[in-house]
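See structure below.
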Amino acid sequence: MINLNAYKFEKALLQLKTPPKLTAKEKDRMRQRKMKKHDVAILLVHWFNAFTWIFMLMTGAALIISGLYKFAPDFYINIVRALFGETADMLKAHIWLGVVWIFIFSMYTIFGYRKYLRKNPVQHAELKKGGWMQKFKTFQCVLFGNKALCIDENDLLWLKLRVLGILGKSTEPLPPQGSFNGGQKMYGLLVALMTPVIMITGLIMSFHIGPIWLIQVAIPAHFLAVGLVVSGLLIHVYMGAVLPEEKPAFFSMITGSTSELFLYKHHFKFWKKRIIEQYKWRKENVEEVDLYDLLPDNVAKEVEKIAATIEDPKPTEETINLKPKPFWNPYIAGALLGLVMLLTFFLLGRGLGASSALSRLGAYIYSFFSLDYVANNPAWGKYVSHGKNPLMNFMIFEVIGIIIGGYFSAKQGRRIKVEILKGPNISKKKRLFFAFFGGIFMGIGARIARGCTSGLALTGGATMAVGGWIFMLAIFFFGFIGAYFFRRLWL
Amino acid sequence: MIAPLLKFGYFTVDFSYVLALIIGIMFGYLLEKGGFGNARKLVSQFYFTDFAVLKVMFTSIIVAMLGLLYFNWVGILDLSKVYIVPTYVTAQLVGGAFLGLGFVMGGLCPGTSFVSAATGKIDGMVFLLGVFVGTMSFGDIFYDWLEPIYKGGYIGKVTLPEFFGMNAGVVAFIIVLIAVISFWLGEKAEKWDPYKKLRSYPNEKIGVK
């Protein structure tokens, strides 16, 4: 069992330049394991774009009828026109969808740009370096604001070897790639330059903006820009959807994730980034992470070898002090909890609780708007009967105490930290979605059963109430069954 | 018989709120110390890696239960004045199912989510919001549909000794026996690890130390 610290792991893995060979078994395991590649926003924009382009090209080709530019055969133009009934309607549809497309893309650019900048900021120091390649890179980096999309020397080499490879003239291995390969980046640059041209010329043509000569220039410019994008599009679609080798890339545009094996082979740099993220996350949540469990044997061997040459950073006093203290022994914590519960029975003749504090709070808020509604509600009516204030209750004060006590205990144990606790294979958004959804389940369930884990299971269990025991057994039974179906959230 | 002190008028209801706050502080403190502010720790019970939930729950139930019986036996606490939860078999079975499923989805329960939120866990805060929405939706939206379940299977404020017609001491003894067996089974199950093959990283257990 090899257990490296996150610092050494990151340094060592970054030094690994080419992906080592895998065994058949490892390949199989990595093929099963999914890794996230694209955000939902990217998927939506991609497919919106794809369908818009299909529609626009279809109608656009049929709209070009003047002798100079016409290229579609007559029968095609007739068929498409017949579909729309009239040429004017087809033109209207083309313009209408074009405007929607411009609007959505402008929104996506305005709001998406900030996110890109935050993820992969362009370092100003890098932009100042000389050389024509660097200048070119600078230009793109400014254009995209994202390093992951900039073409560098590595990508040019990749392009060269890929073309030679397809032609069967080279068997040299391709250099490792980031989240986008050289071809994708090149095409990205072309599209980024041509899209504004298409948009602006399209608007000029549709709404006759500006003098006559401008419209006359806009027409060929529109066709030329579309032609350039389409020529790239053919390769893009061929690579993505037809070439069997790139099939996982196609499916990743549907599911947003792709197999670890594909990333390992085709986007090694990106794979390393994901693995380092995972490793850091796991180091925080699990004490010991086995290198050979996380990585394929050959990679683990290499990393171990490189890591042996890396010096540990000197631990500062701060890092030693920040380590959380271990939790108490559960039997001791449980026994003390039992004594607190006993004290509650002794003093007040009732047990602990939690969930009804929330419904009391809700009823209190409602009572500002309509006391009648609360009083007549079968669930909250008892909170306000005889002019009672729903907040003047044991539960409310107890729950305030729980928050204070929990905070102080965590402070003492150095466990105060703003974070999201989740399983290794689930995104933060998904975790929060399921936390909210699980909370709703709990809220409804607690009201049906007249208590939650503390109010009914613990208190009812201690007073030997039949209902408390039925409830507790039901929680455990359905918890263990549900755990199997929700295992992706946690394992 | 002097206890429960509140019921025998040793202090006012207003003062009981101060006691409630102190009890709450102790409750929250112990929950956090037991690791119950951590969703991963709580949920790891259902994946057979850490039975802390079962251990803490059963130990506290046993201690409080035996304490109640002992105080009653020596004559300082009147058990008939202690609040007993009414039993609605259907409601509590269905409610338990909801909580069990909600537990594995959200990883927390209402009491522990207060602790989790207090220690800065965003999932705890979102969960708490979910509980609030759920609990209010019961009265606002679902009550009419759920009423037959909510009121289903009512058998009164029955305790286990009454239900089985046995002496309370005997029932308590059986509960302690069951608890000890379940502790033993829990310790065994922590080594069993049936989810090993289903984990994304087989050697990595979900629990938190």
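Protein chains in written order, with this note's numbering: chain S, 453 to 943; chain B, 529 to 737.
Don't be surprised by glycine CBs; every beta carbon is placed ideally from N, CA and C.
S:V792 reaches chain B at I551, M554, F555 and L558, counting residues in chain order whose Cβ is nearer than 7 angstroms. No residue range can be given for B:Y575, since it is assigned to no alpha helix (DSSP H) and is classified by DSSP as neither H nor E.
If you draw a straight line from the Cα of B:V654 to the Cα of B:V622, it is about 24 angstroms long.
No Cβ-Cβ contact shorter than 8 angstroms links B:G565 with S:I927. Contact between the stretch 643-661 of chain B and the stretch 871-889 of chain S is present: 3 or more CB-CB pairs across the two stretches fall below 8 angstroms. When the five nearest sequence neighbours on each side are left out, the beta carbons in the same chain lying within less than 6 angstroms of the beta carbon of S:W832 are those of A815 and V826, in order along the chain.
The continuous beta strand (DSSP E) containing B:G684 extends over residues Y682 to G684. Within the DSSP secondary-structure output, B:Y616 pairs in a beta bridge with B:Y682.
Contact annotation: the stretch 640-652 of chain B touches the stretch 862-878 of chain S, with at least three C-beta pairs closer than 8 angstroms. Annotation for S:H498: M705 place their beta carbon closer than 7 angstroms to its own, counting only its chain and skipping 5 residues before and after. Put simply, the backbone Cα of S:L642 is about 53 angstroms away from that of S:G895. Annotation: Cβ neighbours of S:W832 in chain B (cutoff 7 angstroms, chain order): G667. Where B:K719 is concerned, there is no enclosing beta strand (DSSP E), although the alpha helix (DSSP H) around it starts and stops at A696 to W720. Straight through space, the alpha carbons of S:Y528 and S:H674 are spaced by roughly 21 angstroms. Interface criterion met: the Cβ of B:N566 is under 8 angstroms from a Cβ in chain S.
For the pair of segments examined, the stretch 832-848 of chain S was found not to touch the stretch 680-687 of chain B: the number of CB pairs separated by less than 8 angstroms stays below three. Under DSSP, the beta-bridge partners assigned to S:E871 are B:K649. At a cut-off of 8 angstroms, the C-beta of B:M694 has no neighbouring C-beta in chain S.
With contacts defined by Cβ atoms closer than 8 angstroms, B:K719 and S:Y783 do not form a contacting pair. Interface annotation, S:E871: in contact with chain B, CB-CB separation under 8 angstroms. Bounds of any alpha helix (DSSP H) do not take in S:K488; it lies within the beta strand (DSSP E) bounded by K486 to K488.
Closest in C-alpha terms to B:G630, from the list S:G934, S:W942 and S:R940, comes S:G934. Taking 8 angstroms as the upper bound for CB-CB distance, B:P638 and S:C904 are in contact here, some 4 angstroms apart.
A distance below 8 angstroms between beta-carbons, with the five flanking residues on each side excluded, links B:I590 to the following residues of its chain, in chain order: I703, V704 and A707. Under the Cβ distance rule, S:N455 does not count among the residues neighbouring chain B, no pair being separated by less than 8 angstroms. Here B:G635 really is in contact with B:A567; their C-beta atoms are around 3 angstroms apart, less than 8 angstroms. For the stretch 633-647 of chain S, there are no residues whose beta carbon sits under 9 angstroms from a beta carbon of chain B. The residue among S:I900, S:A524, S:F932 and S:L468 with its C-alpha nearest the C-alpha of B:F670 is S:I900.
Its Cα nearest to that of S:G512, the residue S:K544 stands out among S:F500, S:I494, S:S622 and S:K544. Rounded to whole angstroms, B:T540 and B:L534 show a C-alpha spacing of 7 angstroms. The beta carbon of S:G630 does not come within 8 angstroms of any beta carbon belonging to chain B, so the residue lies off that interface. Annotation note: the stretch 706-782 of chain S contains the following uninterrupted alpha helix (DSSP H) runs of length 4 or greater, listed N- to C-terminal: 712-718, 720-737, 743-746, 749-760 and 769-773. Of all alpha-carbon atoms in S:K775, S:L616, S:A914 and S:A806, the one lying nearest the alpha-carbon of S:S906 is that of S:A806. Taking the beta carbon of B:M529 as reference, no residue of chain S falls within 7 angstroms; the closest one sits roughly 12 angstroms away. DSSP places S:T623 in the coil class of the three-state scheme, outside both helix and strand. Against chain B, a Cβ distance below 8 angstroms from S:E850 picks out A548, L549, I551, G552 and F555.
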